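2 protein chains.
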Amino acid sequence: VTYCLAMRLDKGLVFLADTRTNAGVDNVSTYRKLHVLDAGPDRAFVACSAGSLATTQQLLDVVERDAAHSPVTGADRLFEVALYLGRTALAVADEHRQALVASGADPGCTLIFGGQIRGSDPDLFLIYPEGNYVRASDDLPFLQIGESKYGKFVLELGAAAHVDLDQAARVALTSMLSTARANVSVGPPYDLAVYRNDSFAMEQVRIRPGEPFLEEAAEVWERHLLAAIEELPRLGLEQLSDETG
Amino acid sequence: VTYCLAMRLDKGLVFLADTRTNAGVDNVSTYRKLHVLDAGPDRAFVACSAGSLATTQQLLDVVERDAAHSPVTGADRLFEVALYLGRTALAVADEHRQALVASGADPGCTLIFGGQIRGSDPDLFLIYPEGNYVRASDDLPFLQIGESKYGKFVLELGAAAHVDLDQAARVALTSMLSTARANVSVGPPYDLAVYRNDSFAMEQVRIRPGEPFLEEAAEVWERHLLAAIEELPRLGLEQLSDETG
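Here you go:
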């Protein structure tokens, strides 16, 4: 499995992906799933992938080879780049589908794509294996692919609390840690990319096992959770115990 | 779907279940999934169910009918009651399996069972549709059935923080709320049961939509989340942006 997520904030975008891949528990490896696309000075793009690693790699090779004449460098709007990536990923998957399906494998990959083209707003897209997309919504301004359930709680709270860009990176990492703790097929190192609106440049960092953040975060969360629990209204078990008992 | 959970604390047990059932989105209904078994003055039991509602109801009817001569009233050890429930649920499922499988339905149900028999310690069991069981562990002293992923984060934190019985009830309800927010097939009212060790009696409450807790909890969590985020170590994006960029 994989876990990738992206958040859209007032001041920019945050992307985070794990690096663990496996073809069965006896074949676990580390591959980058967060990719900055080389696109030109008036644009900045990130694509994160879940699903077939082979399809993802061929997709990226094709996209890089054709960049000079493709929507990656030429499009005026983000959704055109999203559609191009979806169409290309589907074509790659179709090229191998018959052989893969015959051996029980799925050639599809799901992408999170986001960034900015000068002259339009930054945005995030979830691109399905079929090549179509949905955007992040204003109500829930984040996207997740792969093992998305374990880490959703903290993302929702972060979104509701209107975190800023730096806070969002830490919320994203917390979401990743709770996912990795629950599912061993999600694991470090983690690739983080932060985009500040109108910068047309991606800041990237790889967070490795042993990073102080990974140890300190658990202590901080636990302490604040206890404080929150203390403050939650009491449930009044005493008075109500006969109501349904 | 369903979400039921149970926590084992130093001073007792907490059980929580939602009540939403559905056979397709156009057939959504409310059924109790948390059941206190009438077992006698030297014992107290709760069973929560996920899976086939019909199997669960027949199981409970059979268990009640046969209680006077079954392990529910006669066993000296909890695991014997767990095995009896598992065996009986499997027999009920087998009785209907051929017809249900033919129509594409699954007759199985998964149970959380817990309580105490005088003379032994309280405990929790997860009973599989096949009739066997696992106990809650000391490392993760809680069990979940149904849609368990969304609400795991807060349960793990609560367990790590060694919450007491009253805190645990609020942690359980928070776990339920984050699950219900993420999955519309989990919903209120919620049935909560609390067992205090050596009391041999269950305290029960039904938490209905509009209960102040449900509104206030979101505000409390959001405020403490922000405080936690503020305190998380910074990720040092500036210094590290060239490392992998």
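Protein chains in written order, with my numbering: chain A, 2 to 246; chain B, 2 to 246.
We put the CB at the ideal spot given by N, CA and C, even for glycine.
Values in this document were obtained by computation on a predicted structure and should not be read as measured data.
**Asked** Between B/L54 and A/L236, what straight-line distance do the alpha-carbon atoms span, to the nearest angstrom?
**Response** A straight-line Cα-Cα distance of about 28 Å links B/L54 and A/L236.
**Prompt:** Does the stretch 105 to 118 of chain B touch the stretch 210 to 226 of chain A, meaning 3 or more C-beta pairs lie closer than 8 Å?
**Reply:** no
**Request:** Kindly indicate the opening and closing residues of the alpha helix (DSSP H) around B/F201.
**Result:** Here B/F201 belongs to no alpha helix (DSSP H), and DSSP marks it neither H nor E.
**Request:** State yes or no: is the C-beta of B/V195 within less than 8 Å of the C-beta of B/V172?
**Result:** no
**Request:** Thinking A/D192 and A/T20 are a contact (beta carbons under 8 Å), I'd like their distance in whole angstroms, please.
**Result:** 7 Å
**Prompt:** Per DSSP, which one or two residues make a beta bridge with B/V29?
**Reply:** For B/V29, the pairing in a beta bridge is given by DSSP as B/N23.
**Asked** Taking just the CA atoms, how far does A/L38 sit from A/L14?
**Response** 15 Å
**Message:** So that I know if they touch, is there some Cβ in chain A lying closer than 8 Å to that of B/H225?
**Reply:** Yes, B/H225 counts as interfacial toward chain A.
**Message:** Tell me the rounded alpha-carbon separation between B/G109 and B/V2.
**Reply:** Looking at the two C-alpha atoms, the distance is approximately 13 Å.
**Message:** Please return the same chain residues whose Cβ sits closer than 7 Å to the Cβ of A/T57, not counting the five positions on each side in sequence.
**Reply:** Once the five neighbours on either side are set aside, the close Cβ partners of A/T57 are S50, C110.
**Outcome for B/Y32 when other beta-carbon atoms lying within 10 angstroms are tallied against a minimum of 16** = By the neighbour-count criterion, in which a residue is buried when 16 or more other Cβ atoms sit within 10 angstroms of its Cβ, B/Y32 is exposed.
**Asked** Would you call the stretch 120 to 137 of chain B and the stretch 79 to 90 of chain B in contact, with 3 or more CB pairs under 8 Å?
**Response** yes
**Message:** Assess contact between the stretch 142 to 161 of chain A and the stretch 118 to 127 of chain B, defined as three or more Cβ pairs (one per stretch) separated by less than 8 Å. Is contact present?
**Reply:** no
**Message:** Against chain A, with Cβ distances strictly below 8 Å, would B/E131 count as a contact?
**Reply:** no
**Asked** Which bits of chain B does A/L61 rub up against, with CB to CB less than 8 Å?
**Response** In chain order: nothing, as chain B lies at least about 16 Å away.
**Asked** Who pairs with A/Y4 in a beta bridge, going by DSSP?
**Response** For A/Y4, which the question treats as bridged, DSSP gives the partners A/G147.
**Residue environment, B/A24, which counts as buried when at least 16 other CB atoms sit within 10 Å** = It is exposed - the Cβ of B/A24 has fewer than 16 other Cβ atoms within 10 Å.
**Request:** Determine, using beta-carbon pairs with one atom in the stretch 90 to 108 of chain A and one in the stretch 58 to 66 of chain A, whether at least three such pairs fall under 8 Å.
**Result:** yes
**Proximity test, Cβ basis, 8 Å: B/V164 and chain A** = yes
**Asked** Going by alpha carbons, who is nearest to A/A218 out of A/L233, A/M177, A/R44?
**Response** A/M177
**Message:** Residues of chain B with CB closer than 7 Å to the CB of A/E65, please, in chain order.
**Reply:** Here the premise fails: no neighbours, minimum Cβ distance about 16 Å.
**Item:** Interface residues of chain A facing B/Y151 [CB-CB closer than 8 Å]
**Value:** K150, Y151, K153, F154
**Prompt:** Is the CB of A/V135 under 8 Å away from at least one CB in chain B?
**Reply:** no
**Request:** Select from the stretch 77 to 111 of chain B all residues with a C-beta closer than 8 Å to any C-beta belonging to chain A, and list them in chain order.
**Result:** Correct list: empty, as no residue qualifies.
**Message:** Going by DSSP, what residue range makes up the beta strand (DSSP E) through A/A69?
**Reply:** Unbroken run through A/A69: none, as it is neither H nor E.
**Item:** Start-to-end residues for the beta strand (DSSP E) that takes in B/Q192
**Value:** Here residue 192 of chain B is Asp; the residue named in the question, Gln, does not match the sequence. In the DSSP annotation of this structure, the continuous segment of the beta strand (DSSP E) that includes B/D192 starts and ends at 191 to 197.
**Item:** Partners in chain B for A/G159, counting only beta-carbon separations shorter than 8 Å
**Value:** L226, I230
**Request:** Spatial neighbours of B/A76 within its chain, please: CB distance less than 8 Å, with the 5 preceding and 5 following residues excluded, ordered by chain position.
**Result:** V82, Y85, I118
**Request:** Express the C-alpha separation of A/L141 and A/A160 in angstroms, rounding to a whole number.
**Result:** 7 Å
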